[in-house]
Every structure is written in structure tokens, then in C-alpha cells.
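Below: one structure, written as C-alpha cells.
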Amino acid sequence: MGAAVALKAACIHSPSPLGGVLAHACYTDFFAAAKQKLGPFRTWVLKALLPGEARRGLEDFRPADYARATTRLTPLVFISGTRDSVCPPEMGSALADSSARGLFMALSGAGHPHWEKPELQNSWQMEKAVNLALDWIAGELTVDGTLFVDEECNYRNVPRLKKNNSRSGGSK
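The sequence shown begins at 382 in the working numbering and counts up one residue at a time.
Here is the structure:
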């Protein structure tokens, strides 16, 4: 939840000069992430067991709203592992797309971060991602689309595909 809280703080303080935000494994909304990990029934049970005030607070706390509300003055970098089952890459990509100045970074083969089990993380890959994110924030790296960092710490720019509104995928 720390990434989501950092995003909210950036939104609240976005008129102030902030260097930027690196949000690792940020969800679009709490219960969507819970449903992704636990499934619909267990998420329903979780909601039922939470005290009303806590449940309403989590329902109202939607990082996607904060991403949309930040200005171009605040660069936002969303980092997700390609195997993250709690905050999947689609969430990080959606957050970057909705922000005024956002970048999405995909860590190949990485799951959800477990800070209490560092042996499950590729620290070299994460260090490379953080350094690339800082370079992008500083304007020293240009990215058109997604930045992909593989397990060997090689990186490449993966351009976003232009959306095509036709169902056939072709033009007439």
C-alpha cells in the first residue's frame, strides 16, 4: 500500500516542487487488487469482515484518481513485475497512462514484492529499474511507451501500439 500512499501524497503536494514518485506494485483500487489475488468470493468475505469505516475508506482510496489529478510537474513512474498477481502490470500501465507525466516499467519475471523475503527479489533488476526511472525523471532518458527490464538487467523501450477502433483491425 506504500506506493498508493506515495501517489496520494504527490497529488496533494503536486503544486510544490517534487522530484517525482517511484511507485512499485501500485494498485488502481484496493478491492480490484484483492479480487485479482483472492478471487471474487474471498474478496466479498474480506469486505464483509472489515469494519464499515475501514471498508469505506479502502473503497474510496483509489490511486487511479490521484494519478489523474497530478500535474506535469510531478513525474510518476509505475513499476510492476510481469508475474505480479496482486498488482498486475495492467494496473501499473493504466496508472501511467492516466497521469499527466507517467512512465510504466515492466520487470520481466518479477512477482509482487515481498520485502520480508528479499531472496525472492532480483535486487540487481530492481536497482537497474530505479536507476532508469531516476534518469527518466531527470530528463536523461527518453522513453516512448513502456520500459522493459529483463532478468539480466537489459532494458528496452517497448512502444505502445496505437489503438485501432475498427473491429477487423485493418483500415478501409
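Backbone N, C-alpha and C fix where the C-beta goes; we use that ideal spot for every residue, glycine too.
Task: Nearest-angstrom Cβ-Cβ length linking G401 and T455, presumed shorter than 8 angstroms - done: On the sequence shown, position 20 is the one that residue 401 refers to. On the sequence shown, position 74 is the one that residue 455 refers to. Between T455 and G401 the Cβ distance is about 7 angstroms, and since that is below 8 angstroms, they are a contact.
TODO: Grab me the residues of D525's own chain with a C-beta within less than 7 angstroms of its C-beta, minus the 5 sequence neighbours each way, in chain order.
DONE: Translated into the one-based positions of the sequence shown, residue 525 becomes position 144. Taken in chain order, the residues that qualify are N538, P540.
- [ ] Take A514 and list the residues in its own chain whose beta-carbon comes closer than 6 angstroms to its own, dropping the five residues that flank it on each side.
- [x] Your numbering for residue 514 matches position 133 in the sequence shown. Same-chain partners within the cutoff: L403, V458.
Task: Beta-ladder partner(s) of R537, from DSSP - done: Against the sequence shown, residue 537 aligns to sequence position 156. DSSP lists F529 as partners of R537.
TODO: Give the single residue among K416, T463, D410, F529 whose Cα lies nearest to the Cα of G438.
DONE: For the purposes of this step, residue 438 is taken as the residue at position 57 of the sequence shown. Of K416, T463, D410, F529, the residue nearest in Cα terms is D410.
TODO: Determine, using beta carbons only, whether A510 and M486 come nearer to each other than 8 angstroms.
DONE: Residue 510 sits at position 129 when you count from the first residue of the sequence shown. Residue 486 sits at position 105 when you count from the first residue of the sequence shown. The answer is yes: Cβ separation under 8 angstroms.
TODO: Consult DSSP for L430 and reduce its assignment to one of helix, strand or coil.
DONE: Taking the sequence shown and counting its residues from 1, one reaches residue 430 at position 49. Reduced to three states, the DSSP call for L430 is helix.
Open item on the list: Rounded to whole angstroms, what is the Cα-Cα separation between K498 and E532?
Closed with: Looking up residue 498 in the sequence shown gives position 117. Looking up residue 532 in the sequence shown gives position 151. Answer to the nearest angstrom: the Cα atoms are 18 angstroms apart.
Task: Proximity winner among A519, H493, R482, relative to T527 (alpha-carbon distances) - done: Indexing the sequence shown from 1 puts residue 527 at position 146. Here the closest residue by C-alpha is R482.
TODO: Measure the Cβ-Cβ separation of L419 and L430 and say whether it is below 8 angstroms.
DONE: Within the sequence shown, numbered from 1, the residue matching residue 419 stands at position 38. Within the sequence shown, numbered from 1, the residue matching residue 430 stands at position 49. Not in contact: L419 and L430 (Cβ atoms no closer than 8 angstroms).
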